[in-house]
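Residues in the sequence shown are numbered from 62 upward in steps of one, following our numbering. Where a beta carbon is used, it is the ideal one built from N, C-alpha and C, also for glycine.
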Amino acid sequence: MAATPRLMPLSTKLLGVLLFWTLVGFAFASQFYLSSSLLGRAVTWSQAVSYSLADWYVWAILSWPILVLARRWPPESPRPWRVAGIHLCAALLVSVSYVALRSLVALVLGALSGEDVTFGEVFRPLLFKTFPFNLLVYGVIVSISHAIDYYRKYHDRTIHALELERHLTEARLQALLHQLKPHFLFNTLNGIASLMHRDVELADRMLVRLGEILRITMNQQARAFTRLRDEIAFIEKYLEIERIRFGKRLVVEYAIDPRTEELALPSLLLQPLVENAIKHGIEPHARPGWIRVMSTLTPGGELEIVVTDSGDGLQDSVPRREGIGTANTRQRLRETYGDRHVFSLANAPGSGLAARILIPAESLSR
Numbered sequence: 062m063a064a065t066p067r068l069m070p071l072s073t074k075l076l077g078v079l080l081f082w083t084l085v086g087f088a089f090a091s092q093f094y095l096s097s098s099l100l101g102r103a104v105t106w107s108q109a110v111s112y113s114l115a116d117w118y119v120w121a122i123l124s125w126p127i128l129v130l131a132r133r134w135p136p137e138s139p140r141p142w143r144v145a146g147i148h149l150c151a152a153l154l155v156s157v158s159y160v161a162l163r164s165l166v167a168l169v170l171g172a173l174s175g176e177d178v179t180f181g182e183v184f185r186p187l188l189f190k191t192f193p194f195n196l197l198v199y200g201v202i203v204s205i206s207h208a209i210d211y212y213r214k215y216h217d218r219t220i221h222a223l224e225l226e227r228h229l230t231e232a233r234l235q236a237l238l239h240q241l242k243p244h245f246l247f248n249t250l251n252g253i254a255s256l257m258h259r260d261v262e263l264a265d266r267m268l269v270r271l272g273e274i275l276r277i278t279m280n281q282q283a284r285a286f287t288r289l290r291d292e293i294a295f296i297e298k299y300l301e302i303e304r305i306r307f308g309k310r311l312v313v314e315y316a317i318d319p320r321t322e323e324l325a326l327p328s329l330l331l332q333p334l335v336e337n338a339i340k341h342g343i344e345p346h347a348r349p350g351w352i353r354v355m356s357t358l359t360p361g362g363e364l365e366i367v368v369t370d371s372g373d374g375l376q377d378s379v380p381r382r383e384g385i386g387t388a389n390t391r392q393r394l395r396e397t398y399g400d401r402h403v404f405s406l407a408n409a410p411g412s413g414l415a416a417r418i419l420i421p422a423e424s425l426s427r
């Protein structure tokens, strides 16, 4: 379950609102200072700042009820005309409230500077001068509120969609992994069955090894990823069974780059490739054969794994159909890495088949 985001403290919100309106105030103070200088009615910078901040700090106070109204009656309401009427009335009320509050501030500033003015002398000219602009400011605040809300909703929907996609991908990978395990088990049991009437002791040893492999698989608790060194250890357990079947006919070589041992790869990724190498490179021939498992870290920072056998490779005259293991490997890589992987089957130099995998070099905590 995704963690619930923490609500922003009220003090942080208040500080953010104060900072926003302060920046707006300084911006208008700069404009007022420059325009007054150009018109020949120069004012000091401190006068421009105090006058401008007095204007916009009043809006800072009024912005709170405006934001509440904007969220209480959003434009996507099922009754848009009612919402429009509410905001129109609110805009008129807020505009008058701004003039009243700003007049009170002017009286206080006038008293501090020794000017003797009345409330009416400030209120009437300020009302006619700022009323249309006040309506515009109300609309801008409401628009900004809606834009922020839409962004939050879009952001939440995007995160939700990504979570759904991740869960769907994990479900597909688990399904593919569960498909692979019975396939591996049935193939191993078939190998044991083939020995039952020829060598009971060998068949019994294979059953013991199979039990060890199943115990390891169950302890993994269907983990989607494992380390390369753990995957190689699992392959060794599997090859112990195959060595009982083929004896000295089966030779396995490893060329594992130490830098790759701790890198992550999908669980049971190599077993189908090794099984495929045995099936097509060792089993059809009476002569001894070999399988080579190689890993390296490419200059581009990718994990490269190659499983090669000493068989006949791909024959142009013989169409080759992908088995469950190979098709499963191809699909799991596609589900896990998308376009960030390479999986190819090609003839190895000299003879045999080379199964090559190229995936991002990532740690197990991915």
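Would residue i pass as a contact of residue j if the rule is Cβ separation under 8 Å?
i, j, result
"residue 358", "residue 393", "no"
"residue 195", "residue 156", "yes"
"residue 416", "residue 374", "no"
"residue 356", "residue 289", "yes"
"residue 160", "residue 188", "yes"
"residue 414", "residue 342", "yes"
"residue 301", "residue 348", "no"
"residue 411", "residue 337", "no"
"residue 363", "residue 422", "yes"
"residue 180", "residue 197", "no"
"residue 335", "residue 368", "yes"
"residue 387", "residue 333", "yes"
"residue 406", "residue 350", "no"
"residue 119", "residue 154", "no"
Express the C-alpha separation of residue j and residue i in angstroms, rounding to a whole number.
i, j, result
"residue 399", "residue 324", "18 Å"
"residue 223", "residue 104", "56 Å"
"residue 286", "residue 326", "5 Å"
"residue 76", "residue 82", "10 Å"
"residue 149", "residue 200", "9 Å"
"residue 212", "residue 298", "53 Å"
"residue 78", "residue 173", "27 Å"
"residue 266", "residue 419", "36 Å"
"residue 84", "residue 330", "58 Å"
"residue 376", "residue 360", "32 Å"
"residue 94", "residue 151", "32 Å"
"residue 317", "residue 365", "10 Å"
"residue 99", "residue 216", "46 Å"
"residue 395", "residue 73", "45 Å"
"residue 177", "residue 97", "24 Å"
"residue 192", "residue 220", "42 Å"
"residue 344", "residue 218", "54 Å"
"residue 309", "residue 391", "31 Å"
"residue 209", "residue 296", "54 Å"
"residue 101", "residue 190", "21 Å"
"residue 108", "residue 145", "39 Å"
"residue 183", "residue 106", "23 Å"
"residue 80", "residue 166", "20 Å"
"residue 125", "residue 402", "52 Å"
"residue 389", "residue 254", "25 Å"
"residue 127", "residue 170", "26 Å"
"residue 328", "residue 257", "30 Å"
"residue 259", "residue 322", "39 Å"
"residue 404", "residue 139", "53 Å"
"residue 62", "residue 214", "With a pLDDT of only 39 at residue 62, under the threshold of 50, the placement of this residue in the model should not be trusted, and no figure is reported."
"residue 240", "residue 142", "Bear in mind that the predicted position of residue 240 carries a pLDDT of just 47, short of 50, making it unreliable; the figure below should be weighed with that in mind. Spanning the two alpha carbons is a distance of roughly 58 Å."
"residue 425", "residue 291", "11 Å"
What is the C-beta distance between residue i and residue j, in whole angstroms, given that I count them as a contact (C-beta under 8 Å)?
i, j, result
"residue 314", "residue 353", "4 Å"
Examine the ligand ADP and report whether any of its heavy atoms sits within less than 7 Å of the Cβ of residue i.
i, result
"residue 420", "With respect to small molecules bound, the structure shown includes none, and the ligand ADP cannot be examined in it."
Q.
Does the region 196-210 come into contact with the region 130-144, if we say contact requires no fewer than three beta-carbon pairs (one atom in each stretch) closer than 8 Å?
A. yes
Q. When the Cβ atoms of the region 108-117 are set against those of the region 79-89, are three or more pairs found closer than 8 Å?
A. These segments touch.
Q | Secondary structure, alpha helix (DSSP H): runs of 4+ residues fully inside the region 89-167 | A | Those alpha helix (DSSP H) runs which fall completely within the region 89-167 and span 4+ residues are 106-133.
Q: Any chance you could list the beta strand (DSSP E) runs of at least 3 consecutive residues sitting entirely within the region 358-404, in chain order?
A: 363-370
Q: May I have a chain-ordered list of the alpha helix (DSSP H) segments no shorter than 4 residues that lie completely inside the region 270-342?
A: List check, alpha helix (DSSP H) in window: 289-307, 332-338.
(Q) Quick check for students: name the residue ranges of the alpha helix (DSSP H) that lie wholly in the region 202-228, counting only runs of 4 or more. (A) none
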